[in-house]
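Read the structure below first, then the notes.
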Amino acid sequence: MESLIGQPFSMTHASIPLEQRLKSGITPQLLRLSVGIEDADDLIADLQQALEE
0 MESLIGQPFS
10 MTHASIPLEQ
20 RLKSGITPQL
30 LRLSVGIEDA
40 DDLIADLQQA
50 LEE
């Protein structure tokens with residue numbers, strides 16, 4: 000199992016009308032993090048590196 004990051008606004012909830020998405024708190028800035036079974040230190044390091052770019 001691998002970790003992944005998704006953007007519900009443009010992926011899983013893209014078919015929902017814009018007004019309804021925003022009213023529900025589903026904004027372009029919202030990210031969903033699904034954590035897999037990788038080593039925690041590796042995940043933290045990967046996230047830090049990605050946020051610095």
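In numbering that gives the first Met the number 0, the protein residues as written are 0 to 52.
Glycine included, C-beta positions come from ideal geometry on N, C-alpha and C.
When the Cα atoms are used, what is the spatial distance from residue i to residue j?
{"i": "residue 14", "j": "residue 40", "result": "36 Å"}
{"i": "residue 32", "j": "residue 7", "result": "10 Å"}
{"i": "residue 37", "j": "residue 50", "result": "19 Å"}
{"i": "residue 9", "j": "residue 30", "result": "10 Å"}
{"i": "residue 26", "j": "residue 5", "result": "12 Å"}
{"i": "residue 48", "j": "residue 42", "result": "10 Å"}
{"i": "residue 12", "j": "residue 22", "result": "13 Å"}
{"i": "residue 2", "j": "residue 45", "result": "11 Å"}
Measure the CB-CB distance between residue i and residue j and report whether it falls below 8 Å.
{"i": "residue 35", "j": "residue 0", "result": "yes"}
Looking at the secondary structure, which residues open and close the alpha helix (DSSP H) in which residue i lies?
{"i": "residue 21", "result": "17-22"}
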